[in-house]
Amino acid sequence: RIENFSFSNFKSVTQTFLIIDLIEHHGKGSAIGIDLGTTYSCVGVFQHGKVEIIANDQGNRTTPSYVAFTDTERLIGDSAKNQVALNPSTQSLVSNAKRLIGRKFDDSVVQQDMKHWPFTVINDASRPKIQVEYKGETKSFFAEEISSMVLTKMKETAEAYLGKTVTDAVVTVPAYFNDSQRQATKDAGAIAGLNVLRIINEPTAAAIAYGLDKKSGHERNVLIFDLGGGTFDGIFEVKSTAGDTIWAVRTLTNRMVNHFIQEFKRKYKKDMSDNKRAVRRLRTACERAKRTLSSAARPTSRLTAYTRVLTSTRASPGLASRSSTPTCSAATLEPVEKSLRDAKLDKASISEIVLVGGSTRIPKIQKLPA
5 RIENFSFSNF
15 KSVTQTFLII
25 DLIEHHGKGS
35 AIGIDLGTTY
45 SCVGVFQHGK
55 VEIIANDQGN
65 RTTPSYVAFT
75 DTERLIGDSA
85 KNQVALNPST
95 QSLVSNAKRL
105 IGRKFDDSVV
115 QQDMKHWPFT
125 VINDASRPKI
135 QVEYKGETKS
145 FFAEEISSMV
155 LTKMKETAEA
165 YLGKTVTDAV
175 VTVPAYFNDS
185 QRQATKDAGA
195 IAGLNVLRII
205 NEPTAAAIAY
215 GLDKKSGHER
225 NVLIFDLGGG
235 TFDGIFEVKS
245 TAGDTIWAVR
255 TLTNRMVNHF
265 IQEFKRKYKK
275 DMSDNKRAVR
285 RLRTACERAK
295 RTLSSAARPT
305 SRLTAYTRVL
315 TSTRASPGLA
325 SRSSTPTCSA
335 ATLEPVEKSL
345 RDAKLDKASI
355 SEIVLVGGST
365 RIPKIQKLPA
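Put into structure tokens, the structure is as follows:
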């Protein structure tokens, strides 16, 4: 049996409140739970016997993990992401800091991701640093500093809702995060003025959250299939974990972008890959098409890429499926198969599969674990 959580970010927040509830009962005061995501983040609190996911100042319960730097101000969250539409050519809109945090500049993940980002990443003593233009000056920030800005936004969202200062937090991270990445996440919290009480694995949080609503009198093996915007985890609580930072839905977006770049090159003999403004607009259109897959198996997306010599529109029925299989399908299942092997279980031993993460809304993805 396969079940899909209706709200992807409940997966990470709910477990935090199990810890928070214990903390509060020991007289340590209020604490918040933060799901610091690659593409979106959210914050919640455990009070009145239940979890409350807190809406931001735009009324949204998830906040884009984006930071924008302009000539006059720094923007975080929804207002930052809106800069994509207002100023498509900007190279000072930063996202995906989570994929840099705790890594070295020469890390293969960093080197691969840099090719797809509109912002510049430089080498600072073997650590990646994000370079932007801010108030007329060139500034650079470590990933921890960018993540701290998102955490600050989450902290302020919680404080506005609770009407009091918050200092303690539990933060979720991917299951595969190593010690360096976990410490860097705690450092980001400290920069944001938070005392990070605990670091919790995201898919473990999903397992506990699912268990709260599905209590039964017998032992079951439940597979958590957690596919987000930047990371992918599979977990068996206690038994085994496996994850992959490379194949997440971002890989799907990259494949779509590369597909259309090659199509334009083939048809018009023009290479638009060096035009960051055109590529950014194309990426935005591909992301919209990808999200359409959440409710339609065959989207038709108007993909318009702007270059000095070319404006082109084409339909893309089923593109995401065609451009991602079979390679991505196999890559997505590899952590699942590893979890099974490590747990010494076979597929027949699995009672239920729980799909979490926004990317599992794509019909093609929903069929994979089955």
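The letter at position 75 of the sequence shown is residue 79 when you use my numbering, and the numbering goes up by one with no holes. Each residue gets a CB set at the ideal place from its N, CA and C atoms; glycine is no exception.
Point to revise | alpha helix (DSSP H) runs wholly inside the segment 80-117, at least 4 long, in chain order | key: Fully enclosed alpha helix (DSSP H) runs of 4 or longer: 82-85, 87-90.
Practice item. Please look up how many angstroms separate the CB atoms of ASN225 and SER355, rounded, as I've assumed it's under 8 angstroms. Key: In this structure, ASN225 and SER355 form a Cβ contact; the two beta carbons are roughly 6 angstroms apart against a cut-off of 8 angstroms.
Check your understanding: So what does CYS46 bridge to, in DSSP terms?
Key -> In DSSP, CYS46 forms a bridge with ASP39.
Practice item. Could you have a look at ILE58 and say whether DSSP puts it in helix, strand or coil? Key: Three-state result, ILE58: coil.
Check your understanding: Touching or not, the segment 39-56 and the segment 113-128, by the rule of three or more beta carbon pairs under 8 angstroms?
Key -> Too few Cβ pairs lie closer than 8 angstroms, so no.
**Study point:** Spatially closest choice to PHE73 from LEU90, VAL98, THR67, ASP61, by CA coordinates
**Key:** Closest by C-alpha distance to PHE73, out of LEU90, VAL98, THR67, ASP61, is VAL98.
Review point. Does the Cβ-Cβ distance between VAL174 and THR189 come in under 7 angstroms?
Key: No, the pair does not count as a contact, with Cβ atoms beyond the cut-off.
Point to revise | Inter-residue Cα distance where the pair is PHE229 and LEU337 | key: Using only the alpha carbons, I get a separation of about 9 angstroms.
Exercise for review: Note down the Cα distance separating GLN185 from PHE145, rounded to an integer number of angstroms.
Suggested key: In a straight line, the C-alpha of GLN185 is about 16 angstroms away from that of PHE145.
Exercise for review: Spatial neighbours of CYS4 within its chain, please: CB distance less than 6 angstroms, with the 5 preceding and 5 following residues excluded, ordered by chain position.
Suggested key: With the chain running from 5 to 374 in the structure shown, residue 4 is simply not present.
Point to revise | Distance between beta carbons of PRO132 and VAL154, contact taken as under 8 angstroms | key: Rounded, the Cβ-Cβ distance is 17 angstroms, inconsistent with contact.
Review point. With GLN95 and LYS280 assumed to form a contact (beta carbons below 8 angstroms), what rounded beta-carbon distance in angstroms separates them?
Key: Rounded, the Cβ-Cβ distance is 7 angstroms, consistent with contact.
Point to revise | Integer-rounded CB distance, given that GLY81 should sit under 8 angstroms from ASN60 | key: Rounded to whole angstroms, the Cβ separation of ASN60 and GLY81 is 6 angstroms, and the two are in contact under 8 angstroms.
Check your understanding: How about ILE38 and MET118: do their beta carbons lie closer than 7 angstroms?
Key -> Going by beta carbons, ILE38 and MET118 fall outside the 7 angstroms limit.
Review point. Can you give the Cα-Cα distance for ALA196 and SER152, rounded to whole angstroms?
Key: Straight-line Cα distance between these residues: approximately 5 angstroms.
Point to revise | Where ALA309 falls, given that 16 or more other Cβ within 10 Å makes a residue buried | key: Reliability of the predicted coordinates at ALA309 is poor, the pLDDT of 39 falling under 50, and the value obtained from them is presented with this limitation in mind. Looking at its Cβ environment, which holds 16 or more other Cβ atoms inside 10 Å, ALA309 is buried.
Check your understanding: Is SER69 near the ligand PLP, with its Cβ less than 6 angstroms from a heavy atom?
Key -> The ligand PLP is not among the ligands present in this structure, which contains no ligands whatsoever.
**Study point:** Contact set for ASP191: own chain, Cβ-Cβ below 6 angstroms, skip 5 residues either direction
**Key:** Correct list, in chain order: GLU148.
Practice item. Report the three-state DSSP secondary structure of THR156 (helix, strand or coil). Key: Three-state DSSP puts THR156 in a helix.
Exercise for review: Report back the beta-carbon spacing between SER34 and LEU198 to the nearest angstrom; my notes put them in contact at under 8 angstroms.
Suggested key: The Cβ separation is near 12 angstroms, so there is no contact.
Exercise for review: Would you tell me roughly how many angstroms separate the C-alpha atoms of ASP275 and LYS269, rounded to the nearest one?
Suggested key: Approximately 5 angstroms, taken between the alpha carbons.
Review point. In chain order, what residues of the same chain lie with their CB nearer than 6 angstroms to the CB of THR329, ignoring the 5 residues before and after it?
Key: The pLDDT assigned to THR329 is 44, lower than 50, so where the model puts this residue is not dependable; a value taken from the coordinates is nonetheless given after this. In the same chain as THR329, and ignoring 5 residues on each side of it, no C-beta atom comes closer than 6 angstroms to its own.
Check your understanding: Does the beta-carbon distance from SER83 to PHE109 come in below 7 angstroms?
Key -> In this structure, PHE109 does not lie closer than 7 angstroms to SER83 by Cβ.
Practice item. Can you check DSSP and say which residues form a bridge with PRO178? Key: Partner(s): none; PRO178 has no beta bridge.
Check your understanding: Can you tell me the Cα-Cα spacing of ASP75 and LYS351, whole angstroms?
Key -> Those two C-alpha atoms are separated by around 55 angstroms.
Check your understanding: Looking at the unbroken beta strand (DSSP E) that takes in LYS133, where does it start and where does it end?
Key -> Here the beta strand (DSSP E) through LYS133 covers 131-138.
Review point. DSSP state of SER34, grouped into three classes?
Key: SER34 sits in coil when the DSSP states are folded into three classes, being neither helix nor strand.
**Study point:** Exposure label - TYR272; buried when at least 16 CB within 10 Å
**Key:** Its Cβ having fewer than 16 others within 10 Å, TYR272 is exposed.
Exercise for review: State the Cα-Cα distance for the pair LEU168 and PRO68, rounded to the nearest angstrom.
Suggested key: Residue identity check: residue 168 is Lys in the sequence provided, not Leu. So the alpha carbons of these two residues sit roughly 24 angstroms apart.
Check your understanding: Nearest-angstrom Cα distance between LYS143 and ILE150?
Key -> Just so you know, the alpha carbons of LYS143 and ILE150 end up roughly 12 angstroms apart.
Review point. Thinking C-alpha only, which one of LEU227, ILE265, THR288 is nearest LEU349?
Key: Closest by alpha carbon: LEU227.
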